[in-house]
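Data block below; observations after.
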Ligand code: 1PR
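In UniProt numbering, the protein residues as written are 1 to 551.
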């Protein structure tokens, strides 16, 4: 297999990038010191997390002059996500930290006054001057996750010889990819963008992208204001979730509960077995799932952390599934079976190295939020959320919320954030309710409401909320629109609606009646009642923009 070189400066999860490069027929060789950069014919700079962190790591390890020399020599160079941001001169994310300054300009943050930030999901990378730039297609969608962007001004970068592909999010058109000669930088993650992304990687690795660009170089004069594609590109994100645990025979299975009870109601109450995790993840990927979430719902107790079965599930899944993978369950400081201490950050690192793109934290987030309020909203930097988001970026940390509805007769009957419900009164005719957070898979209810929890974890650096609802879980009766609206109005980070999906119409309803950023289904997919593709076809029929699977 021909080789490409990947720069290892501890950029977080690169396993999926390695898998994707191998999938398109190339072998990865690691660059582990600045001296080795000179040996690389084709160099890829992955990027995850924070602009300042990325650039300071590169600078302190002495990589900056070596990378510049590689680029100046005109050798093939590709950079991804924060790697794209790194080629500009600076970023509002860390104004004191200089970039590589290949392109003059400063990145700014998306405006979060009327939309969620980070921008997470599948969006365009459309290049009017070169529609098939480095394998891009105007009809394809690509997976983005970022809070900072380079705003697109027609003609600006083209006048410097760059071909530019853009996406538009909430009225802001940003640079999704830039290319010039042998150099390509993508704000999106090609390794997480399914077949559309693999095409881009292949076009870079085999040199066909550079050759096609050389035949049709962009000029500022072939750009006009009408080329500014301002049509919203972000699609409605549909996520398939797999709750995984060992059953009574010791097999690792996908299960699904009703209001978190995963045992059969008859025949001895065995754990429901709906299939094998890796096979099912692959099936949902091929049906067009935009992301796959694995929740280890029992934390696989009594097993050394390094042997967690979920690590193997992630390794195998990430070989064939090229969309983002989230994993949750048991991410907290813990004592291993041999008595040694393992931090939440170390557990998360094992998950990232095995192919996860995001980790989801449940119980530990609730405890951390309680401590946050007990110390007058002070951040000490020692929570799992703070430590993991600092190391891997906010976008890598999801907080999974397991709330239960509590009814009250009037708003001042509790200190918690209540609302008047129209979804049916409580058992004593109560008209108001609030949502209490739980831990340990719903077994313990705490005196903390969803507004308090989500605001606290947002302050700690969580990048997204996975909003379950115990009352709705497994009911097939639709999402809890009131809960979702309450949380959406409390935070700026994206929210994934979860629990209750029973048919494609429920997805339409949650996207039309709330401002949710994504919607997740489990049981209806596992039981074979509907496929992800059917949900997406239905949404498309109703005029909602979705990404379709490219085979
Ligand atoms: O607390 O950090 O160890 O994480 C444990 C994780 O496991 C949490 O994310 C928690 O939500 C999850 N979990 C724990 N116990 C259960 C259980 O079911 N007994 N599952 C559980 C949570 C909820 C969703 C489900 C949706 C959609 N499952 O994942 O997929 O409700 O279902 P539906 O579409 O069929 O209605 P920690």
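Backbone N, C-alpha and C define an ideal beta-carbon position, used for all residues, glycine too. Treat the numbers as computed from the prediction; the structure is a model and nothing was measured.
Annotation for residue 50: no beta strand (DSSP E) segment contains it, and DSSP assigns it neither H nor E. For residue 216, same chain residues with a beta-carbon under 7 Å away, outside a window of 5 residues either side, are 130 in chain order. For residue 524, there is no enclosing beta strand (DSSP E); the enclosing alpha helix (DSSP H) covers residues 523-526.
In the structure shown, residue 88 adopts extended strand secondary structure according to DSSP, grouped into three states.
By the Cβ test, the stretch 304-312 is not in contact with the stretch 168-180, since fewer than three Cβ pairs between them sit closer than 8 Å. For residue 515, the secondary structure class from DSSP, reduced to helix, strand or coil, is coil.
Assignment of residue 80 by DSSP, reduced to helix, strand and coil, places it in the strand class. Residue 443 counts as exposed, since fewer than 16 other beta carbons sit within 10 angstroms of its beta carbon. Straight across, the Cα-Cα distance linking residue 381 with residue 459 is about 11 Å. Of the candidates 51, 98, 401, the residue whose Cα lies closest to the Cα of residue 441 is 401. Between ligand 1 and residue 254, a heavy atom-to-CB distance of less than 8 Å is absent. For residue 130, no pairing in a beta bridge is given by DSSP.
The distance from the Cβ of residue 293 to that of residue 520 is about 7 Å, consistent with a contact at the 8 Å cut-off. Contact between residue 462 and residue 398 holds: their C-beta atoms lie close to 7 Å from each other, under 8 Å. Given a length threshold of 4 residues, each whole run of the alpha helix (DSSP H) inside the stretch 164-237 is given here in chain order: 194-205, 208-215. By the Cβ test, the stretch 504-523 is in contact with the stretch 106-125, since at least three Cβ pairs between them sit closer than 8 Å. Ranked by Cα distance from residue 15, the options 418, 351, 204, 99 are led by 351.
Under DSSP, residue 419 takes part in a beta bridge, and its partners are 433. If one requires a minimum length of 3 residues, the beta strand (DSSP E) runs lying completely within the stretch 263-326 are 291-296, in chain order.
Along the stretch 451-538, the beta strand (DSSP E) occurs as fully enclosed runs of 3 or more residues at 464-467, 495-497, 518-521, listed in sequence order. Inter-segment contact for the stretch 75-87 and the stretch 183-193 is present: three or more beta-carbon pairs are separated by less than 8 Å. Under the three-state reduction of DSSP, residue 108 is assigned to strand.
As a beta-bridge residue in DSSP terms, residue 6 pairs with 30, 44.
For residue 444, there is no enclosing alpha helix (DSSP H); the enclosing beta strand (DSSP E) has its first and last residue at 444-449.
Around the beta carbon of residue 427, fewer than 16 other beta carbons sit within 10 angstroms, so the residue counts as exposed.
For residue 151, the secondary structure class from DSSP, reduced to helix, strand or coil, is strand.
Going by beta carbons, residue 271 and residue 247 fall inside the 9 Å limit. DSSP lists 342 as the beta-bridge partner residues of residue 334.
Looking at the DSSP output, residue 243 bridges to 255, 295.
Residue nearest to residue 432 within the set 281, 477, 266, 482 is 482 (criterion: CA-CA distance). For residue 412, the secondary structure class from DSSP, reduced to helix, strand or coil, is helix. Note that the C-beta distance between residue 476 and residue 505 is not below 9 Å. Relative to the Cα of residue 46, the nearest Cα in the group 489, 17, 23, 211 belongs to 17. Setting aside the 5 residues that flank it on each side, residue 172 is surrounded in the same chain by 110, 111, 149, 151, each with a C-beta closer than 8 Å to its C-beta; the list follows chain order. In terms of Cα proximity to residue 363, the closest of 377, 468, 70 is 468.
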